[in-house]
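Structure first, commentary second.
Protein chains: 2
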Amino acid sequence: MPDVFVRKLGHISELMDDDIARLSELTSCTQIIKPHTVLIQEGESCRSAQILLSGFACCYKRLHDRGRQIVAYRVPGDAEGLHGGPARVADYSLVTVTPCIGATIDRETIDDLIEHHPRIARSFWQSVLDERRLLCEWLMNVGQRPAPQRVAYLIHELFERLETVDLTRGSSVELPLTQQDLADTAGLSHVHVNRVLHSLKHSRMIDFNGRTIIIHDAARLKRFADSCASFPSRPAA
Amino acid sequence: MPDVFVRKLGHISELMDDDIARLSELTSCTQIIKPHTVLIQEGESCRSAQILLSGFACCYKRLHDRGRQIVAYRVPGDAEGLHGGPARVADYSLVTVTPCIGATIDRETIDDLIEHHPRIARSFWQSVLDERRLLCEWLMNVGQRPAPQRVAYLIHELFERLETVDLTRGSSVELPLTQQDLADTAGLSHVHVNRVLHSLKHSRMIDFNGRTIIIHDAARLKRFADSCASFPSRPAA
DNA sequence: CGATCGGTTGATCGGTCTCAATGCAGGTGG
DNA sequence: CCACCTGCATTGAGACCGATCAACCGATCG
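Line by line, the protein sequences give chains E and H. For the first sequence, the positions run 6 to 242 when our numbering is used. For the second sequence, the positions run 6 to 242 when our numbering is used.
Right, dumping it as structure tokens:
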């Protein structure tokens, strides 16, 4: 059974046995990383790709004095720097949120994979394009949605992503994020995120207890996120 | 002299004469496109790449009933769909803003270029990664900056991008965007964009007349965008 | 000449931020 | 074992930024 990373790549683009073998070989050398470890610093050049096999990480940019903007989450199976070409200056910092298990692949190996393994190259393209898709979604999220819908969308997205890697149990997920993290993602204050979460809970859209979130009806949550209801609508009756 | 597109690619990643020849060949068959023409529809599958040689276009997503979010601008030399792999469902719509001159390259040709012209492949990677970089910037822009800084940032970015393709004259640019376009980019109302523009003008940060914008001091504009001044600061005295 | 589109301005409303205080849990050192 | 501290969640009060609504203007165009 290949690891999460290889499975996820195989999901978004067809891979053959030898592709899988080659990738598995590269991700077999793992390391354990402590929470809140900075793996990549915005602005510094980054020579390798990072594969996340377990745990939670996030990517963020800082605005001089002001707050940080989280621009992406990395969950098990995700990777950073899976693109061809020479080393680039990092667009954002990458930091672990929880303890993580990761693997590192250097740029030469990435380039070699892209050059000699067309199916792997495709899967790399797909994964970069998927990142771009999420960035567009997030941009629309913070640009167009009011706070409750914004938070609802984020929770829904994370739930769906974690579902594909079997990190949900039924309708509940473990989200190791603080309300401050959510705030920095949604472009809101953590105080307001708190109120919004409770209003979502009150309207039976979600439920939570500690870091565990329960989504009773993912479709309804999504529908709400896309609606312009000026207030989380109560369940009928 | 190669066209804008080829020059821009050559700028971000080294190309040889035969690469340039091959690309120039592909962009030589141009077409004229009317303003407000939808080239790609969000959600529809898109089989070709579009090169923009002249004119202005924008990419946007729609939120059900609510407004649109512009997620990118395309200026001369930019392209859409410059990535490997099979046709994908479009993440956003692409529509011309002004009359444009464009060229179309089909997916098979793109894949062939990526496979047989390593330097071209690199430049394609770079351009996709540059798009991603801008998306992150925009996300931080709407997520973290107050309205005046947000608009200032956008104007600065567009000025810089247009400068690299020689579409500025000294410190002035022609921006064929309505205030509504800027609003949909910044996640603000067009009324507020109007007020902010005037306050930027009043504080001598920018000047404008019709669609022509003058940036007296690009560095100062950028500095202001990155600051947390609660109000556009007047020039000393 | 009316119609349309984009820009401008004023008044008002409300969503969200900020500030501040409190509570609660886990960890650490005495 | 207790005192303390730190990080996170929670709650209230008040201020403010930016949205909305509405009206008007000017230019362009058929």
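Glycine included, every Cβ here is placed at the ideal spot set by N, Cα and C. Bear in mind the structure is a predicted one, so any value in this text is a computation, not a measurement.
Identification of residues in the region 77-97 of chain H having a C-beta nearer than 7 Å to some C-beta of chain E yields 88, 89, 90, 93, 96, 97, given in sequence order. Beta-bridge pairing by DSSP links residue 38 of chain E to E:105.
At a cut-off of 8 Å between beta-carbon atoms, residue 69 of chain H makes contact with chain E. Taking one beta carbon from each stretch, the region 45-57 of chain H and the region 69-87 of chain H have 3 or more pairs nearer than 8 Å; the two touch.
Counted as a single uninterrupted DSSP element, the beta strand (DSSP E) harbouring residue 44 of chain E occupies residues 43-45. Collapsing the DSSP output to three states places residue 234 of chain H in coil. Cβ neighbours of residue 104 of chain E within its own chain (closer than 8 Å, five residues either side excluded): 37, 38, 39, 40, 60. The alpha carbon of residue 135 of chain H has as its nearest neighbour, out of H:186, H:158, H:85, the alpha carbon of H:85. Burial check for residue 183 of chain E: the Cβ neighbour count within 10 Å stays below 16, so the residue is exposed. In chain order, 54 place their CB closer than 6 Å to the CB of residue 115 of chain H, counting only its own chain and leaving out the 5 sequence neighbours on each side. In the structure shown, the three-state DSSP call for residue 114 of chain E is helix. Residue range 123-149 is occupied by the alpha helix (DSSP H) that includes residue 129 of chain E, with no beta strand (DSSP E) assigned at that position.
By the neighbour-count definition (other C-beta atoms within 10 Å, threshold 16), residue 174 of chain H is an exposed residue. The straight-line gap separating the alpha-carbon atoms of residue 217 of chain E and residue 12 of chain E is approximately 26 Å.
Residue 221 of chain E sits exposed, since fewer than 16 C-beta atoms from the chains shown fall within 10 Å of its C-beta. Nearest neighbour of residue 98 of chain E by Cα position, chosen from H:141, H:67, H:73, turns out to be H:141. Between residue 145 of chain H and chain E, the shortest Cβ-Cβ separation is below 8 Å. Under DSSP, residue 227 of chain E takes part in no beta bridge, so it has no partner. Around the beta-carbon of residue 48 of chain E, fewer than 16 other beta-carbon atoms lie within 10 Å, marking it exposed.
Taking the beta carbon of residue 131 of chain H as reference, the chain E residues within 7 Å of it are 90, listed in sequence order.
With a cut-off of 8 Å on Cβ pairs, the region 118-134 of chain E is not in contact with the region 188-206 of chain E, counting fewer than three such pairs. The C-beta of residue 18 of chain H comes closer than 8 Å to at least one C-beta of chain E. Within chain H, the residues whose beta carbon sits less than 7 Å from that of residue 66 of chain E are 141, 145, listed in sequence order. Around the beta carbon of residue 214 of chain E, a 10 Å sphere encloses fewer than 16 other beta carbons of the protein chains shown; the residue is thus reported as exposed. Taking all protein chains shown into account, residue 70 of chain E has fewer than 16 neighbouring C-beta atoms within 10 Å of its C-beta and is therefore exposed.
Nearest in C-alpha terms to residue 229 of chain H, of all of H:150, H:219, H:9, H:26, is H:150. Collapsing the DSSP output to three states places residue 213 of chain E in a strand.
Annotated as distal: residue 178 of chain H and residue 100 of chain H, with beta-carbon spacing of 8 Å or more. Looking from the CA of residue 64 of chain H, the closest CA among H:208, H:187, H:235 belongs to H:187. Only 231, 232, 233 from the region 218-236 of chain H bring a Cβ to less than 8 Å from some Cβ of chain E. Counting along the chain, residue 72 of chain H sits inside the beta strand (DSSP E) bounded by residues 71-79.
Residue 208 of chain E and residue 169 of chain E have their C-alpha atoms some 27 Å from each other.
DSSP places residue 52 of chain E outside any beta strand (DSSP E), giving it a letter other than H or E. Under the rule that a run must span 4 or more residues, the alpha helix (DSSP H) segments found entirely inside the region 149-206 of chain H read 152-169, 184-191.
Using a Cβ distance threshold of 8 Å, residue 147 of chain H and residue 138 of chain H do not count as a contacting pair. Here residue 19 of chain E carries a coil assignment [DSSP, helix/strand/coil].
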